[in-house]
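Chains as they are written, first to last, in this note's numbering: chain A, -7 to 252; chain B, 7 to 260.
1) Does any residue of chain B bring its CB to less than 8 Å from the CB of residue 4 of chain A?
2) Please work out which residues of its chain come closer than 8 Å, Cβ to Cβ, to residue 138 of chain A, disregarding the five sequence neighbours upstream and downstream, and give them in chain order.
3) Return the CA-CA distance between residue 82 of chain A and residue 76 of chain A, expressed in angstroms with no decimal places.
4) For residue 235 of chain B, name the three-state secondary structure that DSSP assigns.
5) With a threshold of 6 Å on Cβ separation, who are the neighbours of residue 61 of chain B within its own chain once the five nearest residues in sequence on each side are excluded?
6) Quickly, what does DSSP pair residue 215 of chain A with across the bridge? List them, please.
7) Could you give the first and the last residue of the continuous alpha helix (DSSP H) run that contains residue 52 of chain B?
8) Straight-line CA distance for residue 114 of chain B to residue 175 of chain B?
9) Near residue -6 of chain A, what residues of its chain come up, given a Cβ to Cβ distance below 8 Å and the 5 sequence neighbours on each side ignored?
10) Just by C-beta distance, which residues in the stretch 177 to 200 of chain A are closer than 8 Å to chain B?
11) For residue 250 of chain B, which of helix, strand or coil comes out of DSSP?
12) Should residue 87 of chain A be flagged as near chain B, meaning a C-beta pair shorter than 8 Å?
13) For residue 231 of chain A, count neighbouring Cβ atoms within 10 angstroms of its own Cβ and tell me buried if that reaches 16, exposed if not.
14) Is there a C-beta anywhere in chain A that falls below 8 Å from the one on residue 191 of chain B?
15) Could you tell me which residues DSSP puts in a beta bridge with residue 75 of chain A?
16) Using 8 Å as the threshold, is the stretch 167 to 184 of chain A in touch with the stretch 14 to 22 of chain A, meaning 3 or more CB pairs across them?
17) What are the boundary residues of the beta strand (DSSP E) that includes residue 152 of chain A?
18) Classify residue 152 of chain B as buried or exposed, calling it buried when 16 or more other Cβ atoms lie within 10 Å of its own Cβ.
19) In this structure, how does DSSP classify residue 124 of chain B when only helix, strand and coil are distinguished?
20) Which chain B residues sit within Cβ distance under 7 Å of residue 148 of chain A?
21) I'd like to know if residue 232 of chain B contacts chain A, where contact means its C-beta is closer than 8 Å to some C-beta of that chain.
22) Residue 215 of chain B touches chain A at which residues, Cβ-Cβ below 9 Å?
23) Please check the pair residue 183 of chain B and residue 123 of chain B, which I expect to be a contact at CB under 8 Å, by giving their CB distance rounded to whole angstroms.
24) Roughly how far, in whole angstroms, is the beta-carbon of residue 211 of chain A from the beta-carbon of residue 171 of chain A, given that I think they are within contact range, below 8 Å?
25) Do residue 79 of chain B and residue 148 of chain B count as a contact pair if the criterion is CB distance below 8 Å?
26) Along the stretch 97 to 129 of chain A, where does the CB come closer than 7 Å to a CB of chain B? Name the residues.
27) Are residue 161 of chain B and residue 141 of chain B touching if we call contact CB-CB under 8 Å?
28) If you follow the beta strand (DSSP E) that residue 148 of chain B is part of, which residue opens it and which one closes it?
29) Flag residue 36 of chain A as yes if its beta-carbon sits less than 8 Å from any beta-carbon of chain B, otherwise no.
As structure tokens, then:
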């Protein structure tokens, strides 16, 4: 999409990043994808939609004074909770008090909706970093997104949970197109093979009987790379700390595929 | 070690403004040794603080973890489960008809029962588990890294251990009590809260009570979303050919 089309966009495209299983690098992908998209000229906001478990602050080494929790409780305005970060994008952190919101009550629902409504006119892209699992909060968050990016690893448990997530989204939200990224791959082509294997099971067990088939779009693999661990330990973005690392290049390629 | 006088004159690091008499007599009263080292030295002060911390995390009657410590352990476990996804179980239990014990045998007998039940609980768990007294006759056991299949086994062990352990009250009178148990596993990968987890276990305890007492009831396990057949195909060793999908960029405007 051209620069002019970008600026004429009036509401952000909402992309949810989810995984089923925890610990697959969901937040890492969200943060670095945000930085890569920002480099492409998108105005990006990452919303820590993992209401119970804020890790974005850890990954980005942030100590925000004002969080979504303060907005929900009426202590601060939304604008004050949106923090620009070093990667050239903005974040909206949940805050630890959000544990109380880990159950989807009508109030949480309304406040999440209101928040997303309020931020979409100001950005080109809102990345929702969702919680792990398929709790009702996660499902609700995913229902608000235009695209869902499922992150998995070659680990069987991660693949199983990714499949479960896809199945639930196909069933309860009638989602037919999903994006898949495979993190921590050990050999080139492993990501696409995993996508194909998942698609095979979906075709056999999920798609029969659906009005339209569920299709997994492979958007990239991020190779297992020691630079990732080092960047995480330094609490920096991989793109900033080790821009030349193979995983950093893979993040840029991923961004190119999901870019507006 | 000779007992250190609470008002030891050699108090050096602890300035005279610190009034430690109450702390030291609290330790003595609870049967603990006074801290080792030179009174007033920083090692001694640290020992005193540690002993007070220990004291404030214990239930005075049974020596089990008290409610405050229990909630701390539970919160820590929630953190671990959310991040590592290990299964963890919270059992809450309540002595059946405890009021009858108090009413017919007196409160001293009630205290003996509470102590006996506490000992029985401690005999049933691993060193890493936390047994707490969280209310009058209500107890809780936090079991980290407890596979779902083991939950009912542990609960049953606790139940029978208590049932088969007569408590001697007075000179030779023996009474026995039973317990009802409720169990709920922490939701894996999800940050729950102390309140929610306790609520879920309490609900199962309530179910155990209303369905006849002296039994353990667990929250029904979530149905697995992925069948064995699906897993079989997902991890089948069939070589998969690329389905020919090209690497062309997705049309975001579609």
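Note that CB positions come from ideal geometry on N, CA and C, so glycine has one too.
Remember, it's a predicted structure, so these values are computed and weren't measured experimentally.
Put simply:
1) On the first chain, residue 4 of chain A is found 12 positions in, with the first residue counted as 1. No, residue 4 of chain A lies away from the interface with chain B (no Cβ there is under 8 Å from its Cβ).
2) Mapped onto the first chain, residue 138 of chain A falls at position 146. Closer than 8 Å at Cβ, skipping near neighbours: 5, 6 and 7.
3) One-based indexing of the first chain puts residue 82 of chain A at position 90. One-based indexing of the first chain puts residue 76 of chain A at position 84. Going by the C-alpha atoms only, they are around 4 Å apart.
4) For this step, residue 235 of chain B is matched to residue 229 along the second chain. Helix at residue 235 of chain B.
5) Within the second chain, residue 61 of chain B is the residue found at index 55, counting from 1. The answer, listed in chain order, is 36.
6) Here residue 215 of chain A refers to the residue found at position 223 of the first chain. Looking at the DSSP assignment, residue 215 of chain A forms a beta bridge with A:177.
7) Working through the second chain from its first residue, we reach residue 52 of chain B at position 46. 48 to 62 is the extent of the alpha helix (DSSP H) around residue 52 of chain B.
8) Against the second chain, residue 114 of chain B aligns to sequence position 108. Against the second chain, residue 175 of chain B aligns to sequence position 169. The straight-line gap from Cα to Cα measures roughly 8 Å.
9) In the first chain, the residue the question calls residue -6 of chain A occupies position 2. Reliability of the predicted coordinates at residue -6 of chain A is poor, the pLDDT of 39 falling under 50, and no value is obtained from them.
10) 184, 185, 188, 189, 190, 191, 192, 193, 196 and 197
11) Indexing the second chain from 1 puts residue 250 of chain B at position 244. At residue 250 of chain B the pLDDT is 42, less than 50, meaning the model places this residue with poor confidence and gives no usable figure here.
12) Your numbering for residue 87 of chain A matches position 95 in the first chain. By this cut-off, residue 87 of chain A is not an interface position.
13) Against the first chain, residue 231 of chain A aligns to sequence position 239. Label assigned to residue 231 of chain A: buried.
14) If you number the second chain from 1, residue 191 of chain B lands on position 185. No, residue 191 of chain B lies away from the interface with chain A (no Cβ there is under 8 Å from its Cβ).
15) Along the first chain, read from residue 1 onward, the residue named residue 75 of chain A stands at position 83. Note: residue 75 of chain A sits in a beta bridge opposite A:83.
16) yes
17) What you label residue 152 of chain A is simply residue 160 of the first chain in a count that begins at 1. Taken as a continuous stretch (DSSP letters only), residue 152 of chain A belongs to no beta strand (DSSP E), being part of the alpha helix (DSSP H) at 148 to 164.
18) Residue mapping note: residue 152 of chain B aligns to position 146 of the second chain, counting from 1. It is buried - the Cβ of residue 152 of chain B has at least 16 other Cβ atoms within 10 Å.
19) The count along the second chain starts at 1 and reaches residue 124 of chain B at position 118. Helix, per DSSP.
20) Translated into the one-based positions of the first chain, residue 148 of chain A becomes position 156. Correct list: 241.
21) As a working mapping, residue 232 of chain B is identified with position 226 in the second chain. At least one chain A Cβ lies under 8 Å of residue 232 of chain B.
22) Your numbering for residue 215 of chain B matches position 209 in the second chain. Simply none; closest approach about 25 Å.
23) Locating residue 183 of chain B in the second chain gives position 177, where the first residue counts as 1. Locating residue 123 of chain B in the second chain gives position 117, where the first residue counts as 1. Going by Cβ atoms, the distance from residue 183 of chain B to residue 123 of chain B rounds to 7 Å, so yes, they are a contact pair.
24) Residue numbering aside, residue 211 of chain A sits at position 219 when the first chain is read from its first letter. Residue numbering aside, residue 171 of chain A sits at position 179 when the first chain is read from its first letter. About 5 Å; that satisfies the 8 Å criterion.
25) Indexing the second chain from 1 puts residue 148 of chain B at position 142. Indexing the second chain from 1 puts residue 79 of chain B at position 73. Contact flag set, yes.
26) 123, 124, 125 and 127
27) To locate residue 161 of chain B, count along the second chain from 1; it is residue 155. To locate residue 141 of chain B, count along the second chain from 1; it is residue 135. No, Cβ-Cβ distance for residue 161 of chain B and residue 141 of chain B is not below 8 Å.
28) Counting from 1 along the second chain, the entry for residue 148 of chain B is found at position 142. Start and end: 144 to 149.
29) Indexing the first chain from 1 puts residue 36 of chain A at position 44. Output row for residue 36 of chain A: interface = no.
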